[in-house]
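What follows is a single structure, written as structure tokens, with notes after it.
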Amino acid sequence: MDTNAAAERIKELSRELELHNRLYYEQDKPEITDAEYDALFRELQDLEARFPELSLPDSPTKRVGGRPLAKFSQVRHTTPMLSLENGFTEADLTDFDDRIKRFLGLGGDASISYLCEPKMDGVAVELVYRHGLFSIGSTRGDGIVGEEVTENLKTIKDIPLRLKCEPPPELLTVRGEVYLPLAPFRKLNEEREEAGEPPFANPRNAAAGSLRQLDSKITAKRPLSIFCYAPGEYSGITFSSQSDFLARIPEWGIPVNPLIEPVRGIENVLAYYQEMMEKRDRLPYEIDGVVVKVDPYALQRDLGEKSRTPRWAIAWKFPPRQATTVIEDIVPSVGRTGVITPVAHLARVEVSGVMVSRATLHNWEEMERKDIRKGDTVIVERAGDVIPAVVRVVTEKRQGTETLLPVPLSCPKCGGAVVRIPGEVAVRCVGLACPAQLLERLKHFASRRAMDIDGLGEKFVEQLLELKLVKDVADIYFLTEADFMRFERMGKKLCENLLAAIEGSKSRELSRLIYGLGIRHVGEHTAKLLASAFGTIDNLARAGEEELLTVREVGPQVAASIADFFKNEENLKVIERLREAGVSPKVEQKRLGGRFSGKTFVFTGALTRFTRDDAKKMVEQEGGHAAGSVSKKTDYVVAGAEAGSKLEKAVQLGVRVLNEEEFLELMK
Ligand code: IVH
């Protein structure tokens, strides 16, 4: 390549990387895979190394990340928040180890003490504690200046507002990764789809989007978590090594990933990587590699830093969860609530060790927004065990023969009418007897997370429907041996097992039954809240919208949906027949532990010693819960000045009333 061509290419790569930085950091909408980004980045690095005179002063290789958004106020980090060098192969890691030994003047057979950590796939933040109090929190931004998101971070239950240590250090800055675990990620996407908003492509984007809310009430609704992994500036305290730091901060209430491990020598780093690869799919959150750090801080200081990355650490990335493939067909599928979802049938492709042949396209609006067509070459991504999704179309591969799938005018399974409810993005089949809906409802009821009827999967449910043995979930409990023996290839033993599994499911926890009923907007989490608030299915069925709204996290849409479900005569009959069949769910115990375990607080009036959000968090940290309205179930009302009707109601009901000081006394 001559100088002119190199200059052109450097400019082009810089422009492209800038664009992708903005898409990734500022808009949470990456359009290329990490691997593709890394390839562009490396190409630019190589060219700059070969033609140093052409390297631009503001080259993306000299930056740590994107620019912070203007709308948040900006915070200068105590010390720069560096990035990490990436490694992809075993050889990259042995090179890293060799480089360290050379730099430190050690022999090739020396064994370095490393601290291995999972690489969390979330958003990097900095938390500043002054005299033990959480005072300011920010995102990484460009590594030098970040966005101030203190109020949003305060909504994260894992972040202590006050360090549990006496006396606290004068200053402690910790860095960590805010992430959204997979279960709430799935729930959030379901809710977004119901509400007609585009779903997040992965938990990292969801975490970034949640943390960058100008209204912290929205952040508070997203159950974000954090693991901390590095110190920033600190004073009044010392740490001798990374393992010392990570062992001490949890004692003060700062969460650290329990999977961290000190190892000696690079061979053991390899073993740690294998172990994490193997665990990856079973973790409740996404990790995208492991981070390997030289453990003693004295050695870290000797090794120092390059312009954007430390010499003493490396991120060893897992194979990407994304892959490129072709959409062979787009097929509408009908779910248990009648929602019709376009599903992409893909040319089979391996995505980080798993063969993928289907991907959800979510809904027509989303499909049109991404302009996804049958025949397109696309990037697919899978996060944990979440259904794979199409991230984007590789438009450069378009041939002109690709076709769009029109919105269906009737149900593709039962031929019945479909509707698009105003304000909703979903297209729904409203046929009550639609066999596709019934199939999905039965499968959902029997599934592992609901009533967990082992063996009653798709194959058998289909036969039950074909033989017209069931028309609702209660019918399952009236099936006999003779019924099952009509199945193809059914043996006595298998039949006994199925009947035993059905019998065993009669005493599942109440929350599983509530979830299994498939009430719209009631996922596993809401089902648990409802089970512990109402104790029995009858109490829940009797509750009106107003009472439902007193349950923590239940909003008007969810309350209306539950009330509608129990107003429906057919549904009430199903509940009655479940009872007749002997389904008697176990009542769940509330979470124990914590001095306010099982206690409900209501805060009212003008509070001066703490904000309402802080108070809520203090109560929740101790296992209690803060409610919005006073009822017989309220244990304490904390009243500030000018408390009105809630205080009156508390007095009427004989609920204990505290002032702010008395509440703080209780907390001691
Ligand atoms: S250490 C100089 N440890 O990865 C030390 N980073 O690619 C910098 N990350 O910006 C960070 N898990 O957002 C570190 N256990 C871990 C991490 C981790 C995830 C993220 C972090 C960082 C990025 C660099």
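For reference, each letter of the sequence shown is one residue, going 714 to 1381 in this note's numbering.
All C-beta atoms in this analysis are idealised placements derived from N, C-alpha and C, irrespective of residue type, glycine included.
All values reported here derive from a predicted model rather than from experimental measurement.
inquiry  = Determine whether the beta carbon atoms of GLN787 and VAL858 lie at a separation below 8 angstroms.
reply    = The residue given as residue 787 occupies position 74 in the sequence shown. The residue given as residue 858 occupies position 145 in the sequence shown. For GLN787 and VAL858, yes; Cβs fall inside 8 angstroms.
task = Between the Cα of GLY1336 and those of ASP1277, GLY1357, PHE1314, spot the shortest distance and give me the residue it belongs to.
result = Counted from its first residue, the sequence shown places residue 1336 at position 623. If we check each option's Cα against that of GLY1336, PHE1314 comes out closest.
request  = Assign ASN1210 to one of two classes, buried (16 or more other C-beta atoms within 10 Å of its C-beta) or exposed (fewer than that).
outcome  = In the sequence shown, the residue the question calls residue 1210 occupies position 497. By the neighbour-count rule (16 or more Cβ atoms within 10 Å), ASN1210 is not buried but exposed.
inquiry  = Would the region 1037 to 1045 count as touching the region 999 to 1019 if we require 3 or more Cβ pairs under 8 angstroms?
reply    = No contact exists between the region 1037 to 1045 and the region 999 to 1019.
The ligand IVH heavy atom lying under 7 angstroms from the CB of VAL1005 = Stepping through the sequence shown from its first residue, residue 1005 is reached at position 292. In terms of side-chain proximity, the C-beta atom of VAL1005 is found no nearer than 7 angstroms to any non-hydrogen atom of the ligand IVH.
message = I want to check one thing, is the minimum distance from the CB of LEU795 to the heavy atoms of the ligand IVH below 7 angstroms?
response = Position 82 of the sequence shown holds residue 795. Yes; taking the cut-off as 7 angstroms, the Cβ of LEU795 has a heavy atom of the ligand IVH nearer than that.
key: Best match in ILE813, ARG1292, ARG1061, ALA1328 for proximity to GLN1013 [C-alpha to C-alpha]   = Against the sequence shown, residue 1013 aligns to sequence position 300. Nearest C-alpha to GLN1013: ILE813.
task = Determine the DSSP secondary structure at PRO1400, reduced to helix, strand or coil.
result = The displayed coordinates of the chain run from 714 to 1381. Any statement about residue 1400 would go beyond what the structure contains.
query = If you drop the 5 nearest sequence neighbours on each side, which residues of the same chain put their C-beta closer than 6 angstroms to that of LEU1305?
reply = In the sequence shown, residue 1305 corresponds to position 592, counting from 1. Legend: pLDDT at LEU1305 = 43, less than 50; position of this residue unreliable, value from coordinates given subsequently. Beyond the five residues adjoining it in sequence on each side, LEU1305 comes within less than 6 angstroms, by CB distance, of no other residue in the same chain.
message = Using only the alpha-carbon positions, how far apart do ILE1232 and SER1274 sit?
response = For the purposes of this step, residue 1232 is taken as residue 519 along the sequence shown, with counting starting at 1. For the purposes of this step, residue 1274 is taken as residue 561 along the sequence shown, with counting starting at 1. Pairing ILE1232 with SER1274, the inter-Cα distance amounts to about 7 angstroms.
task = Would you mind sorting PRO1269 into buried or exposed? The rule is 16 or more other CB atoms within 10 Å of its CB.
result = Your numbering for residue 1269 matches position 556 in the sequence shown. With fewer than 16 other Cβ atoms from the protein chains shown falling within 10 Å of its own Cβ, PRO1269 counts as exposed.
Straight-line gap, ALA783 to GLY1229 (C-alpha atoms, nearest Å) = For the purposes of this step, residue 783 is identified with residue 70 of the sequence shown, where counting begins at 1. For the purposes of this step, residue 1229 is identified with residue 516 of the sequence shown, where counting begins at 1. Its pLDDT being 49, under 50, ALA783 is placed unreliably by the model, and the measurement read from it follows with that caveat. Between ALA783 and GLY1229, the C-alpha separation is close to 45 angstroms.
Own chain, CB closer than 6 angstroms to SER929, minus 5 neighbours either side, in chain order = Working through the sequence shown from its first residue, we reach residue 929 at position 216. Here the set comprises GLU864, ASN865, THR868.
inquiry  = According to DSSP, simplified to helix, strand and coil, what is LEU846?
reply    = Locating residue 846 in the sequence shown gives position 133, where the first residue counts as 1. Strand at LEU846.
task = Reducing DSSP to helix, strand and coil, say where ARG1304 ends up.
result = Here residue 1304 refers to the residue found at position 591 of the sequence shown. With a pLDDT of only 43 at ARG1304, under 50, the local geometry of the prediction cannot be trusted, and no value is derived from it.
key: Cβ contact (3+ pairs, closer than 8 angstroms) linking the region 1158 to 1166 and the region 1134 to 1150   = In short, these stretches do not touch, since the Cβ pair count stays below three.
ask   = Among VAL976, GLU1094, ARG853, LEU937, which one has its Cα closest to the Cα of ALA748?
value = The residue you call residue 748 lines up with position 35 of the sequence shown. Considering only alpha carbons, the answer is GLU1094.
message = For LEU730 and PHE754, which I take to be in contact (beta-carbon distance under 8 angstroms), what is that distance rounded to the nearest angstrom?
response = Numbered from 1 along the sequence shown, position 17 holds the residue referred to as residue 730. Numbered from 1 along the sequence shown, position 41 holds the residue referred to as residue 754. So it is a contact: roughly 6 angstroms between Cβ atoms.
key: Buried versus exposed call for ASN1281 [16 or more other C-beta atoms within 10 Å across all chains shown]   = Locating residue 1281 in the sequence shown gives position 568, where the first residue counts as 1. Around the beta-carbon of ASN1281, fewer than 16 other beta-carbon atoms lie within 10 Å, marking it exposed.
task = Spatial neighbours of ARG1202 within its chain, please: CB distance less than 8 angstroms, with the 5 preceding and 5 following residues excluded, ordered by chain position.
result = By one-based count along the sequence shown, residue 1202 stands at place 489. Nothing meets the Cβ criterion.
request  = For ARG1024, verify whether its CB is less than 7 angstroms away from any heavy atom of the ligand IVH.
outcome  = Position 311 of the sequence shown, counted from the start, is the residue given in the question as residue 1024. Using a cutoff of 7 angstroms, the CB of ARG1024 does not count as near the ligand IVH, since none of the ligand's heavy atoms is closer than that.
inquiry  = Following a CB-centred definition, is GLU830 positioned closer than 7 angstroms to any heavy atom of the ligand IVH?
reply    = The count along the sequence shown starts at 1 and reaches residue 830 at position 117. Answer for GLU830: yes, Cβ within range of the ligand IVH.
task = Give me the Cα-Cα distance between GLU1375 and THR1324, rounded to the nearest whole angstrom.
result = Within the sequence shown, the letter at position 662 stands for residue 1375. Within the sequence shown, the letter at position 611 stands for residue 1324. Each residue's Cα considered, the two are about 16 angstroms apart.
query = Would ILE1085 be called buried (16 or more neighbouring beta carbons within 10 Å of its own) or exposed?
reply = As a first step, residue 1085 is located in the sequence shown; it is residue number 372 there, counting from the start. Classification of ILE1085: buried, given that the 10 Å Cβ count is 16 or more.
request  = Would you mind giving the Cβ-Cβ distance between LEU1074 and VAL1103, rounded to the nearest angstrom? I have them listed as a contact below 8 angstroms.
outcome  = Residue numbering aside, residue 1074 sits at position 361 when the sequence shown is read from its first letter. Residue numbering aside, residue 1103 sits at position 390 when the sequence shown is read from its first letter. Your pair LEU1074 and VAL1103 checks out as a contact, with CB atoms roughly 6 angstroms apart and the cut at 8 angstroms.
query = Short check: CB of MET1164 to CB of SER1218, under 8 angstroms?
reply = Position 451 of the sequence shown, counting from 1, holds the residue named residue 1164. Position 505 of the sequence shown, counting from 1, holds the residue named residue 1218. Cβ atoms of MET1164 and SER1218: closer than 8 angstroms.
key: Collapsed DSSP secondary structure at SER1020 in the structure displayed   = The residue given as residue 1020 occupies position 307 in the sequence shown. It is coil, neither helix nor strand.
key: Spatial distance of LEU767 from ARG728 (CA atoms)   = As a first step, residue 767 must be located in the sequence shown, where it is residue number 54. As a first step, residue 728 must be located in the sequence shown, where it is residue number 15. For LEU767 and ARG728, the distance between alpha carbons rounds to 15 angstroms.
query = Taking the alpha-carbon positions, what's the LEU972 to VAL887 distance?
reply = The residue labelled residue 972 in the question sits at position 259 within the sequence shown. The residue labelled residue 887 in the question sits at position 174 within the sequence shown. Rounded to whole angstroms, the gap between the alpha carbons of LEU972 and VAL887 is 19 angstroms.
query = When you compare each of LEU840, LEU1192, TYR892 to LEU1212 by their alpha carbons, which one comes out closest?
reply = Locating residue 1212 in the sequence shown gives position 499, where the first residue counts as 1. Of the candidates LEU840, LEU1192, TYR892, the one whose C-alpha sits nearest the C-alpha of LEU1212 is LEU1192.
ask   = What distance in whole Å lies between the Cβ atoms of GLU1266 and LEU1242, which are believed to be in contact at a cut-off of 8 angstroms?
value = Along the sequence shown, read from residue 1 onward, the residue named residue 1242 stands at position 529. Along the sequence shown, read from residue 1 onward, the residue named residue 1266 stands at position 553. By a beta-carbon distance limit of 8 angstroms, LEU1242 contacts GLU1266. Their separation comes to about 6 angstroms.
query = Are three or more beta carbon pairs between the region 875 to 890 and the region 942 to 949 nearer than 8 angstroms?
reply = These segments touch.
inquiry  = Using only the alpha-carbon positions, how far apart do LYS1206 and SER1310 sit?
reply    = Counting from 1 along the sequence shown, the entry for residue 1206 is found at position 493. Counting from 1 along the sequence shown, the entry for residue 1310 is found at position 597. LYS1206 and SER1310 have their C-alpha atoms spaced approximately 46 angstroms apart.
query = If you pair each beta-carbon of the region 1115 to 1122 with each one of the region 1061 to 1073, do three or more pairs fall below 8 angstroms?
reply = No, because fewer than three Cβ pairs between the region 1115 to 1122 and the region 1061 to 1073 fall closer than 8 angstroms, the two stretches do not touch.
key: Nearest neighbour of VAL1186, chosen from GLU1115, ARG1255, ARG1133, LYS1286 [CA to CA]   = Locating residue 1186 in the sequence shown gives position 473, counting from the first residue. Here the closest residue by C-alpha is LYS1286.
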